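A quick write-up on the structure given underneath.
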Amino acid sequence: MTIHDTRAMEEKWLARWEQGRLYSVSSDLSRPKYYCLDMFPYPSGAGLHVGHPRGYIATDIYSRYKRMSGYNVLHPMGFDSFGLPAEQYAIETGQHPKITTDNNIFTFKAQLRKLGFCYDSEREIKTSDAGYYHWTQWIFSQLFNSWYDIVDNKAKPITELISHLEASGNTLIAACSDADTPVVTALQWRQYSKHEQSDFLMKYRLAYRADSYVNWCPELGTVLANDEVKDGFSERGGHPVHKKKMKQWMLRIGAYADRLLDGLSGLDWPDALKDMQRHWIGKSQGAEISFQLAGANSAVRVFTSHPETLYGCTFLVLAPEHELVESITSEAFKEDVAAYLEKTSFRSERDRLTGVDQSTGQFTGAYGIHPLTGEYLPIWVADYVLADYGTGAIMCVPCSDSRDFLFAKTFDLPIKYIYEGAQGSEAPYECVSGNLIDSNEATGLSSNAAKDVIMAKLVETGRGVQTVSFRIRDAIFGRQRYWGEPIPVFYDHEGIPDVVPDHDLPVMLPDIEAFLPTNEGEPPLDRAKNWNYHGQKYETTTMPGWAGSSWYFLRYMDPRNDSRPVSPENIRYWQSVDLYVGGAEHATGHLLYSRFWTHFLKDRGLIDFEEPFKKVLCQGMILGVSAIIYRDKVTHQLVSADIKGERDVQPLYIDIRFVNDSNLVNVDALRSWRRSYEDADFIFNEGVFLCDRLTEKMSKSKHNVEIPDDLVERYGADTFRLHEMFLGPIEQTATWSTQSIDGPYKFLQKVGRLFQDENGNSLVEDGPANGDELKAVHTAIAKVGRLTGEMSYNTAIAALMICVNKLTSLKCHKKEVLEIVLKLLHPYAPFITEELWSGMLHNSDFLLNTDYPIVDERFLIEPEFECPVSIDGKLRLKMMIRRDLTEGEVRVLVLAEPTVQRWLENKEVKKFIFVPEKIVNIVSVYETVD
């Protein structure tokens, strides 16, 4: 193959594969299934850069390998097509987000198609299609109509709960519910108004409406998820974000916390990924302790995993969002507290926990009473305490917690040392294993013994209970956006919410004139005219981006089913995903929510498995190389990087294309690139203008993006695929290098030369292969097959290169050998292998329909092996011995070896032990001299 006809060849095979429906797949009980999946991509307007296809190439290789190995492989692709970026673009340009999203998908699909991925296009889905979000809405309805039974440890229909309430109230119900759920009798329940019953059931439903603190971005007019906020600003647009209390739809994921935690142990996931989920779920055994408020009938409840430290508590801290802050703050401190709350509302949770400025706080003027000593403890508000962890309040023990210690030092609060060896310490005694001192009932006891004593005292006085706390909090489900799935809820004339009946789904996203919130601050859907459910108001918030991606892997099994999300027959056959490849950044978002929805759907009988993804592989990021020049902030001159010296300079990113391997900047190209550089004053050093380089994530803003289209056009898709996989182990971060793409390209040219000469004449021979040729190719089968199965693609490619080099040196052009080479190479380079398979070897079937080669171990056996020879228990030499020799022949050969004779001088052989293909042991004794 030559570089000039690569694209034509690729287009030919793309058309033939599509016409032959090569990648179409259906349930086939005669073959074992394998479900291989990429994480759902969002089709951005920027299209693909070279970092994006890395995971897609990896799954494509594996899918082809498994199919050739006899599996029925499901390998689909679709698009997570709702989301904020499309909506913001619509606001800026006036274009409907559906139009821009469909345009982006068209571009995305064209790029993917060029790379030859074996996706079943008939199963393509996108979350913004009503046929898809019909079932996302249906799942929400099931969540709304479900509650969680703690005794049976599963979700059940809400009608069962209502039957319990009607028969005996909730005194005998063990359920996951709101902390403030009252105890009611059957009579009280029946006497509730319709509105009161609705509000009461909200405390149990798995999809419910409640007041919650959210990340509110006024500029975007919407709630943002934590991962959409960075350093207090929206990731999209860089707008300020602050905490705001709003009534929101929520999902009770906390009900599944234990199951989500326990289920991790059986998953073939990277340990780091599982650890992130364990941390996010955050299960802690401990106690909930009540601190009575001085002069009031209420109390501050705190959770602690170390109740034995209670005697070291010297003050209390509430989160800024805590419900008691406003009511307990005294008049003298109201202005100060209000100012502090306003300031902290703009800080993200990440900043509050890990930022430099952690020692901020404000005294409320209120005091809590120590439950065991009766001491008055000052109550502060501080943003290093989060409202959604524990109870949103903490008892502060500065002698054993570094954050409490820093806070106490900053505000000159008392520190009481309660551990031996800690008195007078200038740092917290964080090793809580020492004995306690001066701690009333617990004095002289170890930490564990003190915990039992103190807990008994708290339980006896009614001021504490043993409990379990989870870090995970129920998921905020509503978004004040347009471009998302409508939440299938309507409100009757009394304002009571209910879900739209199944037969009236989907609730279609209406067209509106503008995509901004209304002038009254209501969500964009409030602009919709004549959009209601039989005259009753629809819910106008939409679902978050993760809604559609939490179950899409199920829809791929049965994408055109109009009567249910997926049929039982397809569920029974395809089951959960066998291999799931994507980025580790989704560990605590998408992966956790998908697991939650899968557990729930099993509870409600839609599916028969609990975990969605058996094996997860996180591909490493491909980094780009950025080029940075410098502008003098005083003179505004652009200064060569090697002479910037002590100047006060501003770094500027420039396009990496303007820089050569020696960091020399093409200043003429730079002047033509941007108007700001056209008349700029460049300061050269001896006629040279240099930049600095920085290896970092590819980004359009850093001008370090490499586009795959250009490389595919120049080198071909096969070369691009090989190059991406040859950068290093798939799980590790790699730095992009266009220069090294020549290696894979030349390798493929060498493969072609096994089949034809430079003039295109065939070199293929029909004769039988000799021993050396068979040994070379079967060695490759053994290595490449094993390494491909392990997804060690870079080393598998290296083994293929070794094989091709060996066959080249042997001048091997035997058809039976070349067929094996093409089968081994096909998952990596499908185009050239298909062309050679058909055009040069004259095979009629597609390569993907052939069987993966099986190694013949006979050709891997060397005629000789290196045999260690041990004499009287010591290794004396190693010698080459033919494998076909008998023990007698080996004895003659070994004893004739001069080195052996030297060590046996004046000795006779008592024992000669030969372990075939392993070792020779000689035991000798000295000769007896008369």
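Sequence positions in the sequence shown follow the working numbering and run -19 to 910. Ideal placement from N, C-alpha and C gives every residue a C-beta, glycine not left out. Here the structure is a predicted model, which is why all the values come from computation and not from measurement.
Spatial neighbours of residue i in its chain, beta-carbon cut-off 7 Å, leaving aside the 5 residues before and after
i       : result
Val487  : Gln117, Pro466, Pro468, Val480, Tyr518
Tyr725  : Tyr695, Thr699
Gln460  : Gly201, Thr202, Val203, Pro497, Pro503, Thr521
Cys411  : Note that Cys411 scores 45 on pLDDT, short of 50, meaning its location in the model is unreliable and no value can be drawn from it.
Pro843  : Arg862, Arg863
Arg(-4) : none
Val131  : Ala154
Simplified DSSP assignment, three categories, for residue i
i      : result
Glu877 : coil
His222 : strand
Trp196 : strand
Leu934 : What the structure shows of the chain is the stretch from -19 to 910, and residue 934 is not part of that stretch, so it cannot be assessed.
Thr202 : strand
Gly345 : strand
Ala155 : strand
Phe97  : coil
Val692 : helix
Ile492 : coil
Asp381 : coil
Met435 : helix
Cys671 : coil
Thr116 : helix
Tyr832 : coil
Lys680 : helix
Phe391 : coil
Ser449 : strand
Lys134 : strand
Distance, residue j Cα to residue i Cα
i      : j      : result
Trp531 : Glu590 : 12 Å
Tyr184 : His222 : 29 Å
Asp661 : Arg637 : 21 Å
Pro896 : Asp746 : 38 Å
Ile834 : Phe97  : 25 Å
Leu244 : Ile452 : 15 Å
Pro928 : Asp242 : The first residue shown for the chain is -19 and the last is 910, placing residue 928 beyond what the model contains.
Arg189 : Trp196 : 17 Å
Pro878 : Ile841 : 28 Å
Gly670 : Asn646 : Going by the sequence as given, residue 670 is Leu instead of Gly. C-alpha separation (whole angstroms): 9 Å.
Ala346 : Gln516 : 47 Å
Asp251 : Glu815 : 42 Å
Ser310 : Tyr291 : 26 Å
Trp577 : Leu438 : 39 Å
Ala508 : Lys174 : 29 Å
Met226 : Phe457 : 12 Å
Leu650 : Ser642 : 17 Å
CB of residue i within 8 Å of CB of residue j, strictly
i      : j      : result
Met705 : Tyr808 : yes
Thr39  : His55  : yes
Val557 : Pro592 : yes
Ser339 : Phe387 : yes
Ile609 : Leu632 : yes
His579 : Arg239 : yes
Val297 : Ala362 : yes
Pro358 : Arg443 : no
Pro287 : Met435 : yes
Tyr832 : Tyr45  : yes
Sequence-distant residues of the same chain with beta carbon closer than 8 Å to residue i, five excluded per side
i      : result
Asp368 : Tyr193, Arg453
Asn640 : Asn646
Gln599 : Arg34, Gly35, Ala38, Val561, Gly562, Gly563, Ile710, Glu711
Close-in-space but distant-in-sequence residues of the same chain around residue i (CB under 6 Å, 5 per side omitted)
i        : result
Lys766   : It should be pointed out that residue 766 corresponds to Arg in this sequence rather than to Lys. If we look at Arg766 and ignore the five residues flanking it on each side, it has no Cβ neighbours.
Glu(-10) : Ala697, Phe811
Ile153   : His144
Trp919   : Nothing can be reported for residue 919: it is not among the residues displayed for the chain, which extend from -19 to 910.
Gly25    : Asn84
heavy atom of the ligand FMN below 7 Å from residue i C-beta
i      : result
Tyr356 : The ligand FMN is not among the ligands present in this structure, which contains no ligands whatsoever.
Whole-number beta carbon distance between residue j and residue i, since they are thought to touch under 8 Å
i      : j      : result
Thr371 : Val282 : 6 Å
Thr813 : Leu798 : Contact flag wrong, Cβ pair sits at about 10 Å.
Val629 : Val619 : 6 Å
Phe845 : His758 : Not really, about 18 Å apart at Cβ, beyond 8 Å.
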